[in-house]
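Novice: With the first letter of the sequence shown counted as 1, position 15 gets the number 1109 in our numbering; the numbers rise by one all the way through.
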Amino acid sequence: MNRLKDKYINEVQEKLKKELGLKNALGVPYLSKIVISIGLGEAKDNNGVIEKVKSYFASLSGQSPVATYAKRSIASFKVSKGQPIGVMVTLRGDKMYAFLDKLISIVLPKVRDFKGISDTSFDGLGNLNIGLKEQTIFPEVDYKLIDKIRGLAVTIITTAKTKEEGRKLLEYLGMPFKKS
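(1) Considering only C-alpha positions, which residue in the set ALA1247, ASP1217 and LEU1226 is nearest to ALA1254?
(2) Considering just the uninterrupted stretch of the alpha helix (DSSP H) at GLY1187, what are its terminal residues?
(3) Tell me the DSSP secondary structure of PRO1270 in three-state form.
(4) Please list, in chain order, all residues of the same chain as GLY1263 whose beta carbon is under 8 Å from its beta carbon, the five residues on each side excluded.
(5) Restricting to Cα atoms, I'd like to know which of LEU1098, ASN1140, VAL1147 and ILE1103 is closest to LEU1239.
(6) Does DSSP classify ILE1251 as helix, strand or coil?
(7) Inspect the CB distances between the region 1204 to 1216 and the region 1184 to 1194 and report whether three or more fall short of 8 Å.
(8) How far does the beta strand (DSSP E) with ILE1106 in it extend, from its first residue to its last?
(9) What separation, rounded to the nearest whole angstrom, lies between the Cα atoms of ILE1168 and ALA1161?
(10) Using three-state DSSP, classify PRO1203 as helix, strand or coil.
(11) Based on DSSP bridge pairs, tell me the residues matched to TYR1163.
(12) Given that a residue counts as buried once 16 or more other Cβ atoms are within 10 Å of its Cβ, and exposed if not, what is LEU1120?
(13) Give the DSSP bridge partners of VAL1183, in chain order.
(14) Within a Cβ cutoff of 8 Å, which residues of the same chain sit near THR1230, ignoring the five residues on either side of it in sequence?
(15) Helix, strand or coil: which one does DSSP assign to LEU1116?
(16) Mapping DSSP to helix, strand and coil, what is ILE1231?
(17) Starting from ALA1156, trace the beta strand (DSSP E) in both directions and tell me its first and last residue.
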């Protein structure tokens, strides 16, 4: 079993149940999924960029990513409907916990001038959005295969009903937040 999943089951779940005053263990917030995505504006001009990004997304997530396509045409961006504009991968279960463990213990400490995650990164429902400026901070990404440094977005989706519940859940799992 994954270290973070084990920690959630044995420690965090009981702590949250007491702290939130819940009677039933099924009401305790938990991690639902993690979505890693990247928008590729240059994909409209360079067809090979989608495949390159897919290859390193597969290496850092451990599963096959999918291309995202434009839902409608936007003339000012020179994008037509159905054109590939990004790549995303959704992680659940053990792969989700493994990725979160890697994010907390390896990737975030490597970010330059990292002082913790801001409270404004949460939406109203306890989901956390993290923007990373470069993909090279992941240990699986081979520097030789990178043609251009690109940022990516990591969205951690929880079953929490409020921002505070989501923050407590992630804080107990070890997510570094800014001191307020």
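Just so it is clear, CB atoms sit at the ideal spot from N, CA and C, and this is done for glycine as well. Bear in mind that the values here come from a model prediction, so they are computed numbers and not experimental data.
Specialist: Let's see:
(1) The residue labelled residue 1254 in the question sits at position 160 within the sequence shown. From the listed residues ALA1247, ASP1217 and LEU1226, the smallest Cα separation to ALA1254 is found for ASP1217.
(2) The count along the sequence shown starts at 1 and reaches residue 1187 at position 93. Element bounds for GLY1187: 1187 to 1196.
(3) The residue labelled residue 1270 in the question sits at position 176 within the sequence shown. Coil at PRO1270, not helix or strand.
(4) On the sequence shown, residue 1263 is found 169 positions in, with the first residue counted as 1. Note that residue 1263 is Leu in the sequence shown, not Gly. Closer than 8 Å at Cβ, skipping near neighbours: VAL1106, LEU1110, PRO1123, TYR1124, LEU1125, GLY1220, THR1252 and ALA1254.
(5) Mapped onto the sequence shown, residue 1239 falls at position 145. Minimum Cα distance to LEU1239 is reached at VAL1147.
(6) The count along the sequence shown starts at 1 and reaches residue 1251 at position 157. Three-state result, ILE1251: strand.
(7) no
(8) The residue given as residue 1106 occupies position 12 in the sequence shown. According to the sequence provided, residue 1106 is Val. The question's Ile does not apply to it. Neither: VAL1106 is in no beta strand (DSSP E) and is coded neither H nor E.
(9) Reading the sequence shown from its first residue, position 74 is the one you call residue 1168. Reading the sequence shown from its first residue, position 67 is the one you call residue 1161. The straight-line gap from Cα to Cα measures roughly 18 Å.
(10) The sequence position of residue 1203 within the sequence shown is 109, counting from 1. Residue state, collapsed to three classes: helix.
(11) Position 69 of the sequence shown, counted from the start, is the residue given in the question as residue 1163. TYR1163 pairs with PRO1178.
(12) Position 26 of the sequence shown, counted from the first residue, corresponds to residue 1120. LEU1120 should be labelled exposed.
(13) Residue mapping note: residue 1183 aligns to position 89 of the sequence shown, counting from 1. When beta bridges are read from the DSSP output, VAL1183 appears opposite ILE1130.
(14) As a first step, residue 1230 is located in the sequence shown; it is residue number 136 there, counting from the start. Here the set comprises TYR1237, ILE1240 and ILE1243.
(15) Counting from 1 along the sequence shown, the entry for residue 1116 is found at position 22. Here LEU1116 sits in coil by DSSP.
(16) Taking the first residue of the sequence shown as 1, we reach residue 1231 at position 137. Three-state DSSP puts ILE1231 in a helix.
(17) Your numbering for residue 1156 matches position 62 in the sequence shown. It should be pointed out that residue 1156 corresponds to Gly in this sequence rather than to Ala. No beta strand (DSSP E) contains GLY1156, which DSSP labels as neither H nor E.
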